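J.: According to this note's numbering, the sequence shown is numbered sequentially starting from 9. We put the beta carbon where it would ideally sit given N, CA and C, even for glycine. Values in this document were obtained by computation on a predicted structure and should not be read as measured data.
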Amino acid sequence: MHAQTRKQSRWSFWRFVRWGLFLMAMVFVLPVLVWFIANRFDESPTQEALDYAAESPRQVADADNAWLLLAGIGAAAGEDPLVFGRRRVDRVVARSHESPMPPPDAAEVALFVDPVPKVGPDIEIDGVGELCPSRDVDCIAWARENTGMLERLRAANSLRLTRWQTALTLPDWQALYPPLLDGPVQDPSVATLYLNLLALELSQTLPFMPPNGVVIESTEPTTLEKLAQTVVFWRRVQVSPQDLISTLVAGRQIEDAQRIADNWLSMRIESVGRVKKQRLIKFWRRPAGPPNGVKRCATNSVVFSQPCVIRHWGLGARCGNVLMEPRSKDV
């Protein structure tokens, strides 16, 4: 009886040992086996993939980099924001190369304090705590209701706005901060404020529709041309290789500009009488674009194309096909 019990115990022990060794072997052998099988059916890289891997990283000159100007947009008056932005980038990059990477020291923290700080909405002063939530409301009507706040922000952020207008003229955009969990992130609030101020200008100076479709050319930049310039700028950002944050910011800025233009068009149509409204609708549907790809400026689209309403309403010919993608079909 005891002998049989001891025999069963030894058998259970050795069975446990065998299963343990088997499981340990599988832990080491199975990944190697999966790797071997996967590579047996792996495809060779295409020529496009090889060309992409061989490309050197894109380098944008500081003088052409609107991202760098935005990084230094809070520089002191008289200091070049591009130089100030470069100092910030160099400090963060140098710290990221240390191992282990230390936290920001006092000098770096001080460097990221803007000598010319941004001024935003104050709910105690303005009655609202944010700029136009363009997805929910008509931003032109909202801007008219909050004229006092926007004019206060225009004056308080005048230097930052001037620098942002300079950034809109730069040809490229490249994020330079290393991807760190605790790293600095660009603040696009000045771009949002700029769009809100354009909405305010549109609410105050609706363009005049000349009688009988008389063409009036404008030689001065107009608000819609500034809106178009903003869309052109952010589309350049979208089509270049970018970090995820830059791509998301560009998409939101384009969407906001398009909604402001849509709000302007709706307000312009509603501001005319019934007879003029019919003429306006007919006028808005004038063909635009080359003969092989004619698009119509339908009233339910948000299209601003060079031969269409922009030029004929005295808004200048520089907007081109930039503010909106047509929602109407090609004809």
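#1: For residue 4, I'd like the list of residues in its chain whose CB is within less than 8 Å of its CB, leaving aside the five on either flank, ordered along the chain.
#2: Please confirm whether residue 181 and residue 245 have their CB atoms less than 7 Å apart.
#3: Could you have a look at residue 27 and say whether DSSP puts it in helix, strand or coil?
#4: Once DSSP output is grouped into helix, strand and coil, what is the label at residue 190?
#5: Smallest Cα separation from residue 158: which of 194, 146, 61 and 208?
#6: Do residue 196 and residue 185 have their CB atoms nearer than 7 Å?
#7: If you check the beta carbons only, do residue 94 and residue 70 fall under 7 Å apart?
#8: Please report the Cβ distance between residue 73 and residue 169, rounded to the nearest whole angstrom; I am assuming they are in contact, meaning their Cβ atoms lie under 8 Å.
#9: Given this structure, state the Cα-to-Cα distance separating residue 52 from residue 58, to the nearest angstrom.
#10: Cα separation between residue 92 and residue 43?
#11: Just curious, the alpha helix (DSSP H) that residue 157 is in, first and last residue?
#12: For residue 26, count neighbouring Cβ atoms within 10 angstroms of its own Cβ and tell me buried if that reaches 16, exposed if not.
#13: Whose C-alpha, out of 40, 68, 231 and 137, is nearest the C-alpha of residue 90?
#14: Pick from 148, 154 and 111: whose alpha carbon is nearest that of residue 130?
#15: What is the rounded straight-line gap between the Cα of residue 148 and the Cα of residue 275?
#16: What did DSSP end up calling residue 180 once you bin it into helix, strand or coil?
#17: Could you tell me if residue 24 is buried or exposed, where buried requires 16 or more neighbouring beta carbons within 10 angstroms of its beta carbon?
#18: Using alpha carbons as the reference points, say which of 145, 256 and 137 lies closest to residue 194.
#19: Determine the closest residue to residue 273 out of 29, 188 and 146, with distance taken between C-alpha atoms.
#20: Are residue 176 and residue 237 closer than 7 Å when you measure CB to CB?
#21: With distances taken from CA atoms, which of 251, 249, 248 and 206 is nearest residue 230?
#22: Can you list, in chain order, the residues of its chain whose CB lies under 6 Å from that of residue 83, leaving out five sequence neighbours each side?
#23: Short check: CB of residue 161 to CB of residue 188, under 7 Å?
#24: Return the chain-ordered list of same chain residues with a C-beta closer than 7 Å to the C-beta of residue 172, the five sequence neighbours on each side being excluded.
#25: In whole angstroms, give me the CA-to-CA distance for residue 156 and residue 79.
#26: Can you pull the DSSP bridge partners for residue 73?
#27: Give the straight-line distance between the Cα atoms of residue 114 and residue 99, rounded to the nearest whole angstrom.
#28: Starting from residue 243 and walking both ways along the alpha helix (DSSP H), at which residues does that stretch end?
#29: With a threshold of 6 Å on Cβ separation, who are the neighbours of residue 116 within its own chain once the five nearest residues in sequence on each side are excluded?
T.: Reading off the structure:
#1: An answer regarding residue 4 cannot be provided, because it is not within the stretch 9 to 339 covered by the chain.
#2: To locate residue 181, count along the sequence shown from 1; it is residue 173. To locate residue 245, count along the sequence shown from 1; it is residue 237. Contact: yes.
#3: By one-based count along the sequence shown, residue 27 stands at place 19. Three-state DSSP puts residue 27 in a helix.
#4: Position 182 of the sequence shown, counted from the first residue, corresponds to residue 190. Residue 190: coil per DSSP, three-state reduction.
#5: The sequence position of residue 158 within the sequence shown is 150, counting from 1. Here the closest residue by C-alpha is 208.
#6: Sequence index remark: in the sequence shown, residue 196 carries index 188 (1-based). Sequence index remark: in the sequence shown, residue 185 carries index 177 (1-based). No, these two residues do not count as a Cβ contact at 7 Å.
#7: In the sequence shown, residue 94 corresponds to position 86, counting from 1. In the sequence shown, residue 70 corresponds to position 62, counting from 1. Going by C-beta atoms, residue 94 is nearer than 7 Å to residue 70.
#8: Taking the sequence shown and counting its residues from 1, the one referred to as residue 73 is at position 65. Taking the sequence shown and counting its residues from 1, the one referred to as residue 169 is at position 161. About 19 Å separates the two Cβ atoms, so there is no contact after all.
#9: Taking the sequence shown and counting its residues from 1, one reaches residue 52 at position 44. Taking the sequence shown and counting its residues from 1, one reaches residue 58 at position 50. Distance between the alpha carbons of residue 52 and residue 58: 10 Å.
#10: Position 84 of the sequence shown, counted from the first residue, corresponds to residue 92. Position 35 of the sequence shown, counted from the first residue, corresponds to residue 43. Answer to the nearest angstrom: the Cα atoms are 49 Å apart.
#11: As a working note, residue 157 is residue 149 in the sequence shown. Start and end: 155-164.
#12: For the purposes of this step, residue 26 is taken as residue 18 along the sequence shown, with counting starting at 1. The residue in question, residue 26, is exposed, as its Cβ has fewer than 16 Cβ neighbours within 10 Å.
#13: The sequence position of residue 90 within the sequence shown is 82, counting from 1. That would be 68, whose Cα lies nearest to the Cα of residue 90.
#14: Numbered from its first residue, the sequence shown carries residue 130 at position 122. With distances taken between Cα atoms, residue 130 lies closest to 154.
#15: Indexing the sequence shown from 1 puts residue 148 at position 140. Indexing the sequence shown from 1 puts residue 275 at position 267. Going by the C-alpha atoms only, they are around 8 Å apart.
#16: What you label residue 180 is simply residue 172 of the sequence shown in a count that begins at 1. Three-state result, residue 180: strand.
#17: On the sequence shown, position 16 is the one that residue 24 refers to. Residue 24 is exposed by the Cβ-count criterion.
#18: As a first step, residue 194 is located in the sequence shown; it is residue number 186 there, counting from the start. It is 256 whose Cα lies nearest to the Cα of residue 194.
#19: Against the sequence shown, residue 273 aligns to sequence position 265. Checked all of 29, 188 and 146; the closest Cα to residue 273 is 146.
#20: Counting from one through the sequence shown, the residue named residue 176 turns up at place 168. Counting from one through the sequence shown, the residue named residue 237 turns up at place 229. Contact: yes.
#21: On the sequence shown, position 222 is the one that residue 230 refers to. Residue 206 is the option with its Cα nearest to residue 230.
#22: In the sequence shown, the residue the question calls residue 83 occupies position 75. Once the five neighbours on either side are set aside, the close Cβ partners of residue 83 are 89 and 92.
#23: Walking along the sequence shown from the start, residue 161 turns up at place 153. Walking along the sequence shown from the start, residue 188 turns up at place 180. Going by C-beta atoms, residue 161 is not nearer than 7 Å to residue 188.
#24: For the purposes of this step, residue 172 is taken as the residue at position 164 of the sequence shown. Once the five neighbours on either side are set aside, the close Cβ partners of residue 172 are 81, 198, 199 and 202.
#25: One-based indexing of the sequence shown puts residue 156 at position 148. One-based indexing of the sequence shown puts residue 79 at position 71. Looking at the two C-alpha atoms, the distance is approximately 28 Å.
#26: Sequence index remark: in the sequence shown, residue 73 carries index 65 (1-based). DSSP output for residue 73 lists 180 as bridge partner(s).
#27: As a working note, residue 114 is residue 106 in the sequence shown. As a working note, residue 99 is residue 91 in the sequence shown. If I take the Cα positions, the gap works out to 12 Å.
#28: Counting from 1 along the sequence shown, the entry for residue 243 is found at position 235. First-last of the alpha helix (DSSP H) with residue 243: 231-247.
#29: Locating residue 116 in the sequence shown gives position 108, counting from the first residue. Contacts found: 99.
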